[in-house]
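**Student:**
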Amino acid sequence: MRAPGPRGWSLGTWTASPCSGIPSTIWALLGSRKPPSPSRRGRDRRVSLAALVTDMPSSVDALSPARPLPPGLAPMSCCWSTETMQKWLPFLAWLPNYTWYALKMDFLAGISVGLTVIPQALAYAEVAGLPPQYGLYSAFMGCFVYFFLGTSRDVTLGPTAIMSLLVSFYTFGKPAYAVLLAFLSGCIQLGMGFLRLGLLLDFISCPVIKGFTSAAAITISFGQIKNLLGLQHIPRQFFLQVYYIFRNIGETRVGDVVLGLVCMLLLLVLKLMRDHVPPVHPEMPPGVRLSHGLVWTATTARNALVVSFAALVAYSFEVTGYQPFVLTGKTPEGLPEPHVPPFSVTTTNGTVSFTEMVQGMGAGLAVVPLVGLLESIAVAKSFASQNNYRVDANQELLAIGLTNILGSIFSSFPVTGSFGRTALNAQSGVCTPAGGLMTGTLVLLSLDYLTSFFYYIPKSALAAVIIMAVAPLFDTKIVRTLWRVKRLDLLPLCVTFLLCFWEVQYGILAGTLVSVLIVLHSVARPKIQVSEGQVLILQPAGGLHFPAIDNLREDILNRALGTSPPRCAILDCTHVFSIDYTVVQGLGELMEDFHKRGVTLALIGLQVPVLRVLLSADLKGVLYFSTMEEAEKYLKQEPGAQPYNVSEDSVPEHKIALLKA
Numbered sequence: 001m002r003a004p005g006p007r008g009w010s011l012g013t014w015t016a017s018p019c020s021g022i023p024s025t026i027w028a029l030l031g032s033r034k035p036p037s038p039s040r041r042g043r044d045r046r047v048s049l050a051a052l053v054t055d056m057p058s059s060v061d062a063l064s065p066a067r068p069l070p071p072g073l074a075p076m077s078c079c080w081s082t083e084t085m086q087k088w089l090p091f092l093a094w095l096p097n098y099t100w101y102a103l104k105m106d107f108l109a110g111i112s113v114g115l116t117v118i119p120q121a122l123a124y125a126e127v128a129g130l131p132p133q134y135g136l137y138s139a140f141m142g143c144f145v146y147f148f149l150g151t152s153r154d155v156t157l158g159p160t161a162i163m164s165l166l167v168s169f170y171t172f173g174k175p176a177y178a179v180l181l182a183f184l185s186g187c188i189q190l191g192m193g194f195l196r197l198g199l200l201l202d203f204i205s206c207p208v209i210k211g212f213t214s215a216a217a218i219t220i221s222f223g224q225i226k227n228l229l230g231l232q233h234i235p236r237q238f239f240l241q242v243y244y245i246f247r248n249i250g251e252t253r254v255g256d257v258v259l260g261l262v263c264m265l266l267l268l269v270l271k272l273m274r275d276h277v278p279p280v281h282p283e284m285p286p287g288v289r290l291s292h293g294l295v296w297t298a299t300t301a302r303n304a305l306v307v308s309f310a311a312l313v314a315y316s317f318e319v320t321g322y323q324p325f326v327l328t329g330k331t332p333e334g335l336p337e338p339h340v341p342p343f344s345v346t347t348t349n350g351t352v353s354f355t356e357m358v359q360g361m362g363a364g365l366a367v368v369p370l371v372g373l374l375e376s377i378a379v380a381k382s383f384a385s386q387n388n389y390r391v392d393a394n395q396e397l398l399a400i401g402l403t404n405i406l407g408s409i410f411s412s413f414p415v416t417g418s419f420g421r422t423a424l425n426a427q428s429g430v431c432t433p434a435g436g437l438m439t440g441t442l443v444l445l446s447l448d449y450l451t452s453f454f455y456y457i458p459k460s461a462l463a464a465v466i467i468m469a470v471a472p473l474f475d476t477k478i479v480r481t482l483w484r485v486k487r488l489d490l491l492p493l494c495v496t497f498l499l500c501f502w503e504v505q506y507g508i509l510a511g512t513l514v515s516v517l518i519v520l521h522s523v524a525r526p527k528i529q530v531s532e533g534q535v536l537i538l539q540p541a542g543g544l545h546f547p548a549i550d551n552l553r554e555d556i557l558n559r560a561l562g563t564s565p566p567r568c569a570i571l572d573c574t575h576v577f578s579i580d581y582t583v584v585q586g587l588g589e590l591m592e593d594f595h596k597r598g599v600t601l602a603l604i605g606l607q608v609p610v611l612r613v614l615l616s617a618d619l620k621g622v623l624y625f626s627t628m629e630e631a632e633k634y635l636k637q638e639p640g641a642q643p644y645n646v647s648e649d650s651v652p653e654h655k656i657a658l659l660k661a
């Protein structure tokens with residue numbers, strides 16, 4: 001900024017081009033280790049922005065100084081500078097510094113996740129009500145897209161239990177609807193990323209998320225009971241499932257029950273072993289390290305091992321000519337031909353147009369993209385916090401949106417970030433998103449070479465995989481925690497949890513609405529600290545906005561003017577950082593009420609934004625003081641304290657300077 005005018009001073013500082021940044025890593029790209037310091041002229045009046053900015057830890061360092069410009073060519077504010085390219089394509093930041101160690105760790109992590117995602121993808125296709133191959137079609141594209149666009153080294157994109165449940169609910173088990181939903185969801189997510197609308201997810205509170213995921217865990221688990229019991233022709237609606245499962249309980253297949261329970265027991269034992277495997281140390285004997293590696297591999301790939309065991313058992317019965325299990329059945333070999341998502345469907349009753357398909361999916365076009373974004377960003381932020389690096393929420397929107405769009409070309413249903421596989425990725429020591437390349441390659445190889453093996457996988461084994469995967473989603477501690485921390489938060493939790501059994505969108509919408517109403521209540525009725533005495537002192541604990549002014553005015557009038565004789569009052573605005581026009585009007589009316597009764601209302605602790613609004617409103621007769629002591633002395637008619645009238649002619653010079661900054 002320029003030097004100040006005669007009426008005050010300015011919060012001036014050095015300026016930078018639009019494409020330059022504040023953090024020191026970006027100045028390193030420009031060939032300088034430190035940001036430029038302010039000029040000597042007016043140094044005593046200026047405040048450097050560098051002192052106001054904290055350089056957060058980053059997951060990547062600056063690659064190298066920028067190339068020197070040719071002689072005579074001035075620097076330009078180019079929208080495609082190095083840092084801009086790295087922002088839109090994050091792999092450009094870490095790929096030039098990629099090491100052999102990172103390659104080894106990414107390779108091992110990619111294999112571990114790949115051995116997990118293949119059986120899970122087959123199982124989640126069952127949850128979505130789709131043929132098993134659609135789970136594999138949905139499991140590879142995110143691995144490749146996230147390599148280029150992802151900002152978290154741990155996150156893996158692919159089919160998840162919750163997303164599969166939503167797909168089942170909104171697409172009625174029809175593959176064409178599921179693929180179109182993936183395409184439209186990707187377009188919505190991509191648009192939100194370009195428009196930087198990730199902030200919308202902040203309105204979905206933690207109790208709403210916990211209520212939804214807990215209800216989803218119960219719905220998904222109970223939906224697999226029919227496969228665990230070997231029952232067929234059971235409806236997908238939750239309450240109908242409960243009714244028909246108990247109605248047809250006599251048709252239970254003993255073979256499926258026994259195999260499913262054995263698979264669940266094996267998965268539980270292997271998981272407990274995985275959680276209690278001691279860390280390996282270099283000083284351990286080679287034999288101990290080898291056994292540790294074998295145990296780690298077996299427990300990490302437990303889903304693949306258990307499903308393979310169940311398939312071998314089923315195959316051995318098939319050879320004898322007796323099959324006591326319900327099998328997955330034939331799975332088409334290879335990747336489907338890439339094609340544009342279906343915008344119409346031909347049925348025996350005629351052609352269903354694009355408009356009719358969209359109307360059939362209804363609220364799913366809002367619920368599926370939002371829940372997908374919420375799940376993925378929550379996973380990314382969780383592991384970024386644990387491992388001390390940053391993620392860009394809006395860049396994550398672009399990654400998941402493009403994944404769904406490109407995946408729909410290969411018959412994928414909507415996908416998102418998987419918490420379980422992301423945790424496995426992090427525990428396996430992944431260093432960069434390159435680990436996803438190995439995972440995606442394994443999925444593609446399974447489509448080419450393992451489809452004949454998939455035929456013999458019993459559905460009860462896949463049901464066991466699903467139940468064990470979603471069981472941790474049911475949070476048994478959240479109710480006790482909320483009861484201890486803030487009981488009012490139990491209301492959106494319970495509303496979401498109960499309504500999600502009826503309709504998922506109603507549960508999320510109602511829970512979010514209740515959460516917003518709780519926030520609005522705190523805005524409309526902020527807590528006010530009151531100090532009684534000869535002079536009444538009131539201090540709002542939060543901001544002042546238009547829903548709160550009437551209640552505040554009535555409270556002040558009752559406490560100050562409702563006594564005999566009426567008392568002067570001090571309104572401490574230390575915690576008030578913004579006000580609106582309605583608040584200004586309310587303060588003006590409050591001043592008039594005090595003036596009519598012959599007493600004074602004084603303000604202290606006015607922040608710069610509040611002062612600016614009061615000056616702009618040209619509110620007359622408002623007095624404020626710098627300290628509480630000065631205000632009390634003045635109101636008690638003690639000498640030595642003089643107020644400031646809120647007008648530009650009487651505001652102190654240092655306040656004018658702040659207002660003009």
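Heads up: the sequence shown runs through residues 1 to 661, numbered per UniProt numbering.
Every residue gets a Cβ at the ideal spot worked out from N, C-alpha and C, and that includes glycine.
Quantities reported herein were computed from a predicted structural model and do not represent experimental measurements.
As a quick exercise: from Glu333, Ala393, Gly360, pick the residue whose alpha carbon is nearest that of Ser344.
**Tutor:** That would be Gly360, whose Cα lies nearest to the Cα of Ser344.
**Student:** Quick check on Gly12: does DSSP put it in helix, strand or coil?
**Tutor:** For Gly12, the predicted structure reports a pLDDT of 34, less than 50, and the residue's modelled location is therefore unreliable. A value from the coordinates is still provided. Here Gly12 sits in coil by DSSP.
**Student:** Would you call the stretch 212–222 and the stretch 400–407 touching, i.e. three or more CB-CB distances under 8 Å?
**Tutor:** No, they do not touch.
**Student:** What does the alpha-carbon distance come out to for the pair Ala51 and Cys263?
**Tutor:** Because Ala51 sits at a pLDDT of 35, beneath the cut-off of 50, its placement in the model cannot be relied upon, and the following sentence gives the value as read from the coordinates. For Ala51 and Cys263, the distance between alpha carbons rounds to 59 Å.
**Student:** What is the DSSP secondary structure of residue 662, reduced to helix, strand or coil?
**Tutor:** Here the chain covers residues 1 to 661 and nothing more, so residue 662 does not appear.
**Student:** Looking at the unbroken alpha helix (DSSP H) that takes in Gln505, where does it start and where does it end?
**Tutor:** Unbroken alpha helix (DSSP H) run through Gln505: 504–524.
**Student:** Am I right that Ala314 and Pro458 are in contact with their C-beta atoms under 8 Å? What's the rounded C-beta distance?
**Tutor:** Right, their Cβ atoms sit about 5 Å apart.
**Student:** Which ranges does the alpha helix (DSSP H) cover as unbroken runs of at least 4 residues, wholly within the stretch 265–326, from first to last along the chain?
**Tutor:** Counting only runs of 4 or more, we get 286–300, 302–320.
**Student:** Quick one: measure Cβ to Cβ for Leu590 and Arg553, integer angstroms, because I've assumed they're closer than 8 Å.
**Tutor:** Going by Cβ atoms, the distance from Leu590 to Arg553 rounds to 5 Å, so yes, they are a contact pair.
**Student:** For my contact list, Thr151 and Val391 are in at a C-beta cut-off of 8 Å; report their separation, rounded to the angstrom.
**Tutor:** Between Val391 and Thr151 the Cβ distance is about 5 Å, and since that is below 8 Å, they are a contact.
**Student:** Closest to Gln189 by CA distance: which of Asp555, Val367, Glu126 is it?
**Tutor:** When each option's Cα is compared against that of Gln189, the closest is Val367.
**Student:** At the level of alpha carbons, what is the spacing between Asp448 and Val485?
**Tutor:** Taking the straight line joining both Cα atoms gives about 53 Å.
**Student:** Between Lys477 and chain C, is there a C-beta pair that is closer than 8 Å?
**Tutor:** Among the protein chains of the structure shown there is no chain C, as only one such chain exists.
**Student:** Based on the DSSP secondary-structure assignment, which residues constitute the bridge partners of Phe625?
**Tutor:** Paired residues: Ile604.
**Student:** Below 8 Å between beta carbons: does that hold for Ile204 and Leu397?
**Tutor:** No, the Cβ-Cβ distance between Ile204 and Leu397 is not below 8 Å.
**Student:** List, from N- to C-terminal side, the alpha helix (DSSP H) runs of 4 residues or more that fit wholly inside the stretch 151–231.
**Tutor:** Runs found: 161–171, 175–194, 206–223, 225–229.
**Student:** Helix, strand or coil: how does DSSP classify Ser531 here?
**Tutor:** Ser531 falls in the strand class under three-state DSSP.
**Student:** Output the residue ranges of the alpha helix (DSSP H) runs that lie fully inside the stretch 388–461 and measure 4 residues or longer, sorted by chain position.
**Tutor:** You should have 393–409, 419–427, 435–449, 451–454.
**Student:** Can you have a look at Gly598 and say buried or exposed, based on whether 16 or more other CB atoms are within 10 angstroms of its CB?
**Tutor:** Counting Cβ neighbours within 10 Å, Gly598 comes out exposed, since fewer than 16 surround it.
**Student:** Can you give me the C-alpha to C-alpha distance between Pro338 and Phe410, rounded to a whole angstrom?
**Tutor:** Approximately 5 Å, taken between the alpha carbons.
**Student:** Would you call the stretch 235–242 in contact with the stretch 477–494, where contact means no fewer than 3 C-beta pairs closer than 8 Å?
**Tutor:** With the cut-off at 8 Å, the stretch 235–242 and the stretch 477–494 do not touch.
**Student:** Taking the beta carbon of Phe625 as the centre, do at least 16 other beta carbons fall within 10 Å, making it buried, or is it exposed?
**Tutor:** Buried, because 16 or more other Cβ atoms sit within 10 Å of the Cβ of Phe625.
**Student:** Looking only at C-alpha atoms, which of Asp106, Gly362, Thr476 sits nearest to Gly436?
**Tutor:** Selected option, being the one with the closest Cα: Asp106.
**Student:** For Met438, count neighbouring Cβ atoms within 10 angstroms of its own Cβ and tell me buried if that reaches 16, exposed if not.
**Tutor:** The residue is buried, with at least 16 neighbouring Cβ atoms inside 10 Å.
**Student:** Take Asn425 as the anchor and find which of Pro207, Leu444, Thr116, Gly173 has the nearest alpha-carbon.
**Tutor:** Ranking Pro207, Leu444, Thr116, Gly173 by Cα distance to Asn425 puts Thr116 first.
**Student:** Could you tell me the distance, in whole angstroms, from the CA atom of Pro119 to the CA atom of Thr99?
**Tutor:** Their backbone Cα atoms lie some 31 Å apart in a straight line.
**Student:** Does DSSP classify Gln539 as helix, strand or coil?
**Tutor:** If DSSP states are grouped into helix, strand and coil, Gln539 belongs with the strands.
**Student:** When you compare each of Ser382, Gly429, Ala217, Thr582 to Met163 by their alpha carbons, which one comes out closest?
**Tutor:** Comparing Cα positions, the closest option is Ala217.
**Student:** Which residues share a DSSP beta bridge with Val352?
**Tutor:** Bridge partners of Val352: Val345.
**Student:** Do Tyr455 and Gly329 have their CB atoms nearer than 8 Å?
**Tutor:** Yes, they are a contact pair.
**Student:** Around the C-beta of Pro282, are 16 or more other C-beta atoms found within 10 angstroms, so that it is buried, or is it exposed?
**Tutor:** So Pro282 counts as exposed.
**Student:** Between Thr422 and Gln86, what straight-line distance do the alpha-carbon atoms span, to the nearest angstrom?
**Tutor:** Those two C-alpha atoms are separated by around 23 Å.
**Student:** Report buried or exposed for Ala541, applying the criterion of at least 16 other Cβ atoms within 10 angstroms of its Cβ.
**Tutor:** That one is exposed.
**Student:** Could you tell me whether the Cβ atoms of Gly417 and Val379 are closer together than 8 Å?
**Tutor:** Yes, they are a contact pair.
**Student:** Using a Cβ-Cβ cut-off of 8 Å (strictly less than) and excluding sequence neighbours within five positions of Ala178, which residues of its own chain qualify?
**Tutor:** So the qualifying residues of the chain are Ala128, Leu130, Tyr134, Val167, Thr171, Phe413, Pro414.
**Student:** Going by beta-carbon coordinates alone, are Ile508 and Thr496 separated by less than 8 Å?
**Tutor:** Yes, Cβ-Cβ distance for Ile508 and Thr496 is below 8 Å.
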